[in-house]
Amino acid sequence: MRAICLSNGQSITLGSELGGGGEGKIYAIAGHPGVVAKVYHETQRSGERDRKLRAMYANSPGNSTSIAWPLELLRTPDSTEVIGFVMRRVTRVRPLHDVYNPKTRRQQMPFFDYFYLHRTARNLAAAIATIHANGYTIGDVNESNILVSPRAVVTLVDTDSFQVRDRRNGAIYRCPVGKPEFTPPELQGEAFASVDRTPQHDCFGLAVLIFQLLMEGTHPFDGVYMGQGDPPLKEARIAAGHFPYRPNSPYRPKPLAPPLSMLHPQLRQLFWECFEGGYISPKLRPSAVAWVDALSAAEKELVPCTANSQHRYGKHLRSCPWCDRSMQLGGRDPFPSRSDPRPKSIVPKPTVPRVVASPVLSVRTPAPYYPTSSKYPPRKPTPPKFDPISFIARKAFLVAGIAVALVGAAIADSIYIQSQQTGIGSGSLWGVSGEVDCTTTEFSATAAAGFPPEARLAFYRCQFDRAQKLAAHGRFQQALQAIPGQPFENTGQWQSSIDEWSRQMLNRATREYESGRFEVAANLTQTIPETSAIVGEARTALEKWNREWQENSQRWETAQAAFDAGRYDEVPQAVSQLTTPYWQERGKSLLLDETYLREAERALAAGRVEDARQAANRIGNTYDRERIVTAIERVELVERDREVDRLYLESARQAIAEGRFEDAKQDADRAIGSLSRSEALVLFQKADYYARLQNLLSEKNGNLRVY
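In the working numbering, the protein residues as written are 499 to 1205.
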């Protein structure tokens, strides 16, 4: 299939089909691997689309690699109608959803850490800022039209669905679609085909995507419904402005959602301004440029974790939140270490011995030796007399001797070959340092069973010596893996070593369990071999730990739920039922949190905001600390709103006094929707009345002014 470039008439050949959808198909372009062509279905071609694409082509947002903008328009050889366009080709990218979703990110981009998530959010905000700076609006901001590379480079696609304003005649080509979960409150339920979108509308969807990138895929309006009946849909929550992190909201954040305090303070402030202030007035939503600045500041203050270099967190935090989250998720690390991006069980898989074929024996007959010189002259050979009996006897003895020699040679060569293949015999097990090295053998102990007794004994001794050296360095798990699987010489020493090392493993597992790392303890316990005398004890301990862990987890959840619901009197009773040291210590922390939380609530009720903040910072539980900190920030935000409203109202009064009634109306309008709504409405109506009166009098009496 051929198409013609609209600008210069160049003919291009469309190659293989790369993809498609409801609007059209994507084709490769022969001879141009860096670009592709989008060709619309005939049913999708129209005069309006033609005019929109021409306006886009005439006013490009710049040479940005982050925006898949039309580089050239296409037509058929026999028509001037636009049938599609050429755009840059992006490869090795994933949809944004695969990046902020922890599961798919771990599978597709295992080394994509929190720094890269910040950089992705920053690049996304920068791309949208470029769109807005050039007079365009996206309209349908969502995760499916944003692609991300492993280097956090962002590309906006489906740009032909953007809202476009033709600069020549002012015509607006609207975006008729949108996803409810990224649509701002004021547009919920509206018919998009009849709405002119604004950058403020885009900025709501941008804030949602940034929130999901930095909060492990959590949607900002996703939470646990605390009311009666079925929980409302997400779009209904957005329309009602029910941000779960806001005090008195009918929702609370989900238990596994990361705390808001994990974010940089500037980012938290912008989210409040978007989801709280923006609900009152879309103009209060932070712009894309504001997000770029805040994300840049947050990115600079990320520090690496000492336990896992893949963990990055803000330096305003006291400890690594990702280590805590890994324990909360049962060992499932959101950002696994580079040395083990997809951790597997620590129980080793059985090794399969590699069989080596024996080489073919080639027997060489040595050539006879003849002296080259002698003091005696060579004698001429004298032919022997023929004796039939002697001839037959000699032949018989010769055949018998050759047979015996061949059998002996075969046995000797077989022993030699086995010793060479296994590294056993003639001191070949000894390395250059004088230590036994049986780790390079290509045969397992099963194959060694076929060795001669001396070689087999040397092989087992080698393995046992290596296991003892590992145990001497505290590497008991590796020692149990290296020790021969059966007794070989000193049965008592072999069995006592296995029992001693197994005991060390069980002791270590016990310490891990008492420290709250149940999964690690379980894996260590399962490495104890069946031949150990304490294998039954290990199984009993594991069953006991599993039972205790489940029971204490349920009791802890009961105590935590009572605490979260404000039923503080029930917390001590629930905590007293915790049995193991780890859970009892957590119970003590919860009781301390209760004390600090009550202190913070009393201080906040009394208006002592700074005292409330100090008490809140002492709360150990992340969720509850964030809950009271959110309430404090809300109070501070209300106070700031009141101060701003006071200034606007004062300015409106002054403008009325000076006869600047239109200025007074604007100042009063800025305070509408805040806590000073009543007074603002009175001033607005007063200014509007005076303005109309002034106009009326001006028409009758000239330029008469009213003061």
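Just so it is clear, CB atoms sit at the ideal spot from N, CA and C, and this is done for glycine as well. All values reported here derive from a predicted model rather than from experimental measurement.
In this structure, the beta-carbon distance from threonine 541 to alanine 528 does not fall below 8 Å. In the three-state scheme derived from DSSP, where H, G and I count as helix and E and B as strand, isoleucine 1026 is classed as coil.
Excluding the 5 residues flanking it on each side, valine 1073 has same chain C-beta neighbours closer than 7 Å at Ala1057, Gly1085, Leu1088 and Leu1089, in chain order. Secondary structure of proline 834 (DSSP, three-state): coil.
Minimum Cα-Cα distance from alanine 1098 among the listed residues Ile1117, Glu1068 and Trp1081 corresponds to Ile1117. Closest by C-alpha distance to glutamine 661, out of Gly633, Pro608 and Thr653, is Gly633.
In the DSSP assignment, threonine 653 is bridged to Leu645. When the alpha-carbon of leucine 516 is set against those of Gln508, Gly507, Leu504 and Pro531, the nearest one is in Pro531.
A direct Cα-to-Cα measurement between phenylalanine 1182 and aspartate 1143 gives close to 13 Å. Cβ-Cβ distances below 6 Å link glycine 776 to Leu782 and Arg783 in the same chain, with the five nearest sequence neighbours on each side left out; the list follows chain order. In the structure shown, valine 639 falls within a coil segment according to DSSP collapsed to helix, strand and coil. By the neighbour-count criterion, in which a residue is buried when 16 or more other Cβ atoms sit within 10 angstroms of its Cβ, proline 575 is exposed. A residue is called buried once 16 or more other Cβ atoms fall within 10 Å of its Cβ, and histidine 814, having fewer, is exposed. Of the candidates Val722, Tyr958, His539 and Tyr614, Val722 places its Cα closest to the Cα of lysine 752.
The Cβ-Cβ distance between threonine 618 and valine 646 falls below 8 Å. DSSP, reduced to helix, strand and coil, places serine 505 outside both helices and strands of the structure shown, so it counts as coil.
Residue Cys673 holds the alpha-carbon nearest to the alpha-carbon of glutamate 688 among Pro697, Gln767 and Cys673.
Checking the DSSP bridge columns, you'll see leucine 571 partnered with Phe583. Assigned with DSSP and collapsed to three states, alanine 1110 falls in helix.
The beta-carbon distance between valine 580 and leucine 504, rounded to whole angstroms, is 7 Å. This is short enough to meet the 8 Å contact definition. Only residues of its own chain outside the window of five on either side were considered, and among them Ala1007, Ala1036 and Leu1040 have a CB closer than 6 Å to the CB of threonine 1023, listed in chain order. Arginine 663 and aspartate 694 have their C-alpha atoms roughly 10 Å apart. A contact between stretches requires three or more CB pairs, one per stretch, nearer than 8 Å, and the region 798 to 815 fails this requirement with the region 741 to 750. The bridge partners DSSP lists for valine 801 are Tyr811.
Alanine 623: member of the alpha helix (DSSP H) spanning 612 to 631, first to last residue.
Put simply, the backbone Cα of tryptophan 1081 is about 8 Å away from that of tryptophan 1054. In this structure, DSSP gives alanine 535 an extended state, which the three-state scheme calls strand.
Ranking Ala650, Ile636, Gln698 and Val655 by CA distance to the CA of isoleucine 670 puts Ile636 first. With contacts defined as CB atoms closer than 8 Å, proline 832 and glutamate 641 fail to qualify as a contacting pair. Taken in chain order, the complete alpha helix (DSSP H) segments of 4 or more residues contained in the region 752 to 789 are 763 to 770. Bounds of any beta strand (DSSP E) do not take in tyrosine 1066, whose DSSP letter is neither H nor E. For the pair of segments examined, the region 697 to 717 was found to touch the region 760 to 774: the number of CB pairs separated by less than 8 Å reaches three. Of all C-beta pairs linking the region 604 to 612 to the region 541 to 557, fewer than three are shorter than 8 Å, placing the two stretches out of contact.
Taking C-beta atoms under 8 Å as the contact rule, valine 1107 and isoleucine 1130 qualify, at a distance of about 6 Å.
Proximity to alanine 526 across Lys550, Val588, Pro1027 and Asn557 peaks at Val588, based on C-alpha coordinates.
Distances from the CA of alanine 980 to each of Ala953, Thr1025, Leu1004 and Glu1012 were compared; the closest alpha carbon is that of Thr1025.
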